[in-house]
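Below: one structure, written as structure tokens.
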Amino acid sequence: YQGPVDLFLRPWEVDISRRTSLDSPLPVQVLEASPKGHYTQLVVQPLGWYNEPLTVVMHGDDAPQRGERLFVGLQHARLYNGDERIETRDEELALAQSA
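Position one of the sequence shown corresponds to residue 6 (this note's numbering), numbered consecutively onward.
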């Protein structure tokens, strides 16, 4: 697909890690960390790949500190052109295999 798109991303669907990996390659810096019981809600600033802060959810008891560098992955993001969803290659393959 070529052209403008909107990205839809649920905070709890973001892959987040303390180390870079294939699943979480994009660096962010923690601006705020709010423990919420079994997870921590984070506001993170992307470093060099997006200008606006993102809200993400990190599971587990080991909450990161403000200023800490983490890494995120957006594999579960959905792309739209207006109201029409753009299927990713993985989704197309999964649909074809299930048919």
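Here a beta-carbon is modelled for each residue, glycine too, at the ideal position from N, C-alpha and C. Predicted model, so just to flag it, every value in this text is computed and none were measured.
Applying the 10 Å Cβ sphere with the 16-neighbour rule, what's the burial state of Arg15? exposed
Could you tell me if Ile21 is buried or exposed, where buried requires 16 or more neighbouring beta carbons within 10 angstroms of its beta carbon? buried
Closest by C-alpha distance to Gly72, when choosing among Lys41, Asn56, Leu52 and Asp88: Leu52
Measuring alpha carbon to alpha carbon, tell me which residue in Asn56, Asp67 and Asn86 is nearest Val33. Asn56
Check each candidate in Gln80, Gln50, Gly42 and Trp17 and name the one with the smallest Cα separation from Arg74. Of Gln80, Gln50, Gly42 and Trp17, the residue nearest in Cα terms is Gln50.
Starting from Tyr85 and walking both ways along the beta strand (DSSP E), at which residues does that stretch end? Arg83 to Asn86
How would you call Leu31, buried or exposed, if buried means at least 16 neighbouring beta carbons within 10 angstroms? buried
To the nearest angstrom, report how far apart Val58 and Phe76 are at their CA atoms. Correcting the residue identity first, residue 58 is Pro in this sequence and not Val. Using only the alpha carbons, I get a separation of about 14 Å.
DSSP beta-bridge partners of Leu79: For Leu79, which the question treats as bridged, DSSP gives no partner whatsoever.
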